[in-house]
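Protein chains in written order, with the working numbering: chain A, 375 to 688; chain B, 21 to 677; chain C, 602 to 791.
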Amino acid sequence: MNKLTYFPGCSAHGTSEEFDHTLKLVMKSLDVQMEEIPDWNCCGATSAHVMTENLALALPMRNLVLAEKLENKTMGIACASCYSRMKSTKKHLDENPELARKINSTVIDEGEYKGIIDIKSMLQYCVEEIGLETIKSKVTRSLSGLKIACYYGCLLTRPKDVTHFDSPEYPMSMDYLMEALGAKAVEFDYKTECCGASFSISDTEIVESLSGKILEVAKESGAHLIVVACPLCQSNLDMRQPDIEKHTGKKFDLPIMYFTQLMALAFGFPEKELKLPKHIVPVEAALKHIGEVIPEAEKVKKTKKAVEAESEVE
Amino acid sequence: MARVGVFVCFCGANIADFVDVPAVVQEAKKIKEVKVAVEYKYMCSDPGQGMIRDAIVQNRLTSVVVAACSPRMHEKTFRKALLDAGLNPYMLEIANIREHSSWVHQKDKKAATEKASDLVRMAVAKSIANEQLHEISVPVTKRALVIGGGIAGIQAALDIADAHIPVTLVEKSPSIGGRMAQLDETFPTLDCSQCILTPKMVDVASHPYIELIPYSEVIELDGYVGNYKAKIKKKASYVDFSSCTGCGACTQKCPVKVPNEFNMNIDKRKAIYTPFPQAVPNKPVIDAEHCTMLLKGKCGICAKFCEKGSINFKMVDEVIEREIGAVVIATGYDLWDPKPYEEYGVGRYKDIITSLEFERMVSASGPTNGVPVRPSDGKVPKNVVFIKCIGSRDEAKGIEYCSKICCMYTAKHAILLHHKVHDSHAYIFYMDIRAAGKGYEEFVKRAQVETAATYLRGRVSKIYKKGDKLMVRGEDAQIGQVVEVESDLVVLATAVIAPKDNPALARLLGVSYDKYGYMSEAHPKLRPVETAKAGIFLAGCTQAPKDIPDTVAQASACAAKVCGLFAGDTLKKDPMISTINNEFCSGCQNCVKVCPYQAIVTEEIPLGHGSKELRTVAKINEGVCQGCGSCVAICRSMAISLAGFTDPQIINEIVAI
Amino acid sequence: MITLGLLEKNTFLEAVNKKSGANVLECYQCGKCVSTCPVSGYMDFPPREVMQMIKLGLKEETYMANSMWFCLTCSACSGRCPREIDIPAVMEAVRHLAIEENYRSENKKVKDIRKFHDIFLDMIKRYGRNYELRMMAEFNIRTRNLFKDMHLAPKALLKGKIPIGHESTKSGKAIRKMYKLVDKLEKANK
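Take a look at the structure:
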């Protein structure tokens, strides 16, 4: 039984409830005991670091201190944005001990910061700590027939000196994870292009433009759905999709799912556990492709590099 | 009784601004042995030297101290002045009051002046213990070894051979010609590369003074300037060159197909092959790594069809030795693998090729009959995007330098593309256009005006696929717009890099190389063709990226150096080397182990006069010793002495302060 | 037209370098950041030009530009920069300096963005965690765009996409104390 400290993030019990719920289900199947940090606070997301220097460090600091109290080696974070803030803060503070002490003093009631916990995104944890072989062994319902565009967004693999995970330009971890579930991951050139992130509310036009392009390229690559690992990306691509369709005149019909939802499905959990009604763009039609046979001609021959990288990841 | 002359230089303002020169002269006069002490503005000038000469004669000086700049500047000059005045040139000591005082203590004139006086005092004390030394003569073998048979090696070999000096030219691949043989046309004249190269290749093959050893590598080099011994491994070609007529029947019949490295792996060659039609020598070799007969003992079709019976599967590698006086390193360059540019999809998209691949395609004798084609579907491209600075000038990718030739050959590619595909259009993404040679700027203008190539200033950020086209995105900074070019083919001007075997070869030869693997020149400004090791010279891209005119010039320069080295019957050597006093030598051989030049060996000498019993002592090879002093330091018996830095000399210096 | 040669010292460049930890002088204007940046088309001056402006010491123009407010901190540019300059850090440094020195752009989009961030940070101060619905409502009110995203409301609220209620940390006191202590820290640094 592996123990993992878990930071859910603000959207976990709301906007991205389906992410949080299916994550907990699949982690249980994979023998991982998740310990949610008691009384965690918002990491500050974009606004804190955009507007402030010290508050942007203090908000994650409180969570780090609380997390270290749980005494697990690793903290897993579902939301890519929270992951980026927490890990960047930790890196900055570990490199500037004097500053760390000052920031710690603003939350000294919670405890002293020791800098001992390792932070991974949940995707990273699945691929690096649990491993694709283990995940493959839990699959009872293969997702074969499903063509998926894996969208990583900006923060799972960038900046490279913070995440130390996969490639910042053309990562393949989620692709290999989907293939371990039996699905086919299509070649997708826009897998790390920004969706518009926090401009969702303050400048929706930007999100429509950026997310629109991602949807367009995903559609052209022949995907049935897009799989993501970040609540903000999911919201931008899903909730804003009808508006994008209206303003561009293009039709996408691309549901946006979390990788944990697909894992839960493949592990044999019933569809109602996936909380599909929460999706703005309906998912059911895409899932009907499961079980279809992909014609030989369409099967993309993996480049030698991909095969080599594959064997590295596993 | 020692009679020392002290000459203190102002060096213009270099010394005088921070050191009180007259004060130093006055201090020097106080030393008992100093018979004359003067100052002068520029001691190295003719009048300055004249001053030294006259003073030596008039004052019957026994040694001279010049307080001036570093001995690396003018030691030779002043030694000659001593010689001209009839004094042994090694009775000179230089006190470096510029680099060691004036230049490093600019904030405290008083302290700097005191230090300068100290340095002078030390030099005077040392010079009193100086011994008269004489240059050593070593014999010289008048044969040159040229490593590498590209245009650099070919030119160096021809120039040396034309001076009636025998040359051994060793080339790793089956034929000479190197990179130039792979080029289609050369800038700025658009000469057909092979047409201007092959006459030189033929000259090499037929020159009475050149011994061409193809398909071979240098595996060992011992010795010192004028007296090297080289071991060369001739790789087994499995073809007897003396009987082979080069008819090509074997190549036709061979069933094995292997990626053709001469054509940048665009097409295939056979396991028995000549690299290209104009190869010199034009005899095939068998690639042992892919020949079925050599690997598994099956096939042998080539031997069956060879009318002369020249194929011999039992051939083995052969090691030969040559005595050499000088070496020219001309190993050329490699091209960087652009795989790290993940943002361009290198390795994922077939229609992204390197500049040398493009060059092979547009070559008339190349794998695609002189027309560029898309690797994915074989169609002729209309929109071709050329991207410069791939790897070059990109610290994130590990290469800081500029590769020098890409701006010019990209302009050339634009012109060649225009010639081969009339309705094509070239788009060139660049950061700068470097066209500094003769006729180069005019050539770039020609590319821009004649072909209407679109030059876009901005590094490409991403390449992605749209249907069967490649979308190339970059900023055009001149109009401040992000542009995307819908292209059929993308050509990457990848960085020039040192051959990957350079470091190993450098260590073998005993020369240094830089962090990129380029061979190190002795001085980047004034000694660009010499290495720090006497007798070993550099020509071409092995030292740094350069174009053909500069390569040929550097190769001829090497030849001039070699001829200069071989001009006399002997070579003169600096006498400041170590000698061993056998009386004290215990034969512990620590010096043998510590000598970086392997200049010390052991010898057996009789225990005493007329004794039959022998004992081991160390013996220093005068010719190899560079006078570094490592052996002196490590000798526990104090048996070794370094001329010019003997114990009495050093102790005098120490006592003086 | 800009006249140069008037500054004795480029204190702006020094301040940006110090705050960001990068060295703007290393930028050789290759433009890779501009075509990488997903929002460079929205900026008055794309990243490459901001670098040049800092090198020229054009403090006012840089502070009043909208460039740093559009930066998504997606780090795509710094990942590709051949000189490995931390461009998001430079953008952030300019932004923080502008805030510290009280420069406020009149550009409506920039004002809206600033309002959004102020509201977000206020939410956290109150509740310790984000309260999306209230945040969106306040944003609409303060930007005088009451009906923005209203068309999404029925579907989103019904499906629970945007939760109606909110969660808070139990220790609201701890959060408010943190805010206060951070404030003190900032004042002490000045």
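Don't be surprised by glycine CBs; every beta carbon is placed ideally from N, CA and C. As the structure is a computational prediction, the values presented were derived from the model and not from experiment.
- Among the CB atoms of chain C, none fall inside 8 Å of the CB of G367 of chain B.
- From the listed residues C:H718, C:G632, C:Y643 and C:L782, the smallest Cα separation to R649 of chain C is found for C:G632.
- Judged by DSSP secondary structure, T622 of chain B falls within the beta strand (DSSP E) whose first and last residues are I620 to P626.
- Under the 8 Å criterion on CB atoms, P542 of chain A is classed as interfacial with respect to chain C.
- When C-alpha distances from K620 of chain A are compared across A:M637, A:E579 and A:P651, the shortest belongs to A:E579.
- For E363 of chain B, the nearest beta carbon of chain A is closer than 8 Å to its own beta carbon.
- A Cβ of chain C is located within less than 8 Å of the beta carbon of K482 of chain B.
- For V502 of chain B, the nearest beta carbon of chain C is closer than 8 Å to its own beta carbon.
- Put simply, the backbone Cα of S661 of chain B is about 31 Å away from that of Y533 of chain B.
- Near chain C, meaning a CB-to-CB distance below 9 Å, the residues of the stretch 397 to 419 of chain A are P412, D413, W414, N415, C416, G418 and A419.
- Using a Cβ-Cβ cut-off of 8 Å, A497 of chain B is close to Q630, G632, V635 and R649 of chain C, given in chain order.
- Taking C-beta atoms as the reference points, E662 of chain C and M654 of chain C count as a pair closer than 8 Å.
- Contact annotation for E415 of chain B against chain C: P683, R684 and E685 [CB-CB distance below 7 Å, chain order].
- Q214 of chain B sits buried, since 16 or more C-beta atoms from the chains shown fall within 10 Å of its C-beta.
- Residue-level contact check: D563 of chain A touches chain B, since one or more beta carbons of chain B fall below 8 Å from its beta carbon.
- The criterion of a C-beta distance shorter than 8 Å is satisfied by P401 of chain B and L509 of chain B.
- Boundaries of the beta strand (DSSP E) around R342 of chain B: E338 to I344.
- Counting other Cβ atoms within 10 Å of its Cβ, G418 of chain A reaches 16 or more and is therefore classed as buried.
- Here DSSP, grouped into helix, strand and coil, assigns E59 of chain B to strand.
- Within a 10 Å sphere around the beta-carbon of P194 of chain B sit 16 or more other beta-carbons, which makes this residue buried.
- At a cut-off of 8 Å between beta carbons, R493 of chain B contacts chain C.
- Residue range E391 to S403 is occupied by the alpha helix (DSSP H) that includes M401 of chain A.
- In this structure, the alpha-carbon of H438 of chain B lies about 47 Å from that of K660 of chain C.
- Of the other Cβ atoms in all chains shown, 16 or more fall within 10 Å of the Cβ of R141 of chain B; this residue is therefore buried.
- Membership of K377 of chain A in the beta strand (DSSP E) is indicated by the continuous run N376 to F381.
- As a beta-bridge residue in DSSP terms, P159 of chain B pairs with B:T590.
- The three-state reading of DSSP puts N708 of chain C in coil, since its state is none of H, G, I, E or B.
- H543 of chain B sits in a strand when the DSSP states are folded into three classes.
- Assigned with DSSP and collapsed to three states, T448 of chain A falls in strand.
- Take E47 of chain B, set aside five residues on each side of it, and the residues of its chain with a beta-carbon closer than 6 Å to its own are S137, in chain order.
- Interface residue (Cβ-Cβ distance to chain A less than 8 Å): P764 of chain C is classified as such.
- Residue pairing from DSSP places D242 of chain B in a beta bridge opposite B:K249.
- Taking CB atoms only, S641 of chain C has a neighbour in chain B less than 8 Å away.
- For M491 of chain B, the secondary structure class from DSSP, reduced to helix, strand or coil, is strand.
- Taking each of A:G570, A:C604 and A:L628 in turn and checking the Cα distance to E594 of chain A, the smallest one comes out for A:L628.
- Annotated as proximal: N610 of chain B and I654 of chain B, with beta-carbon spacing under 8 Å.
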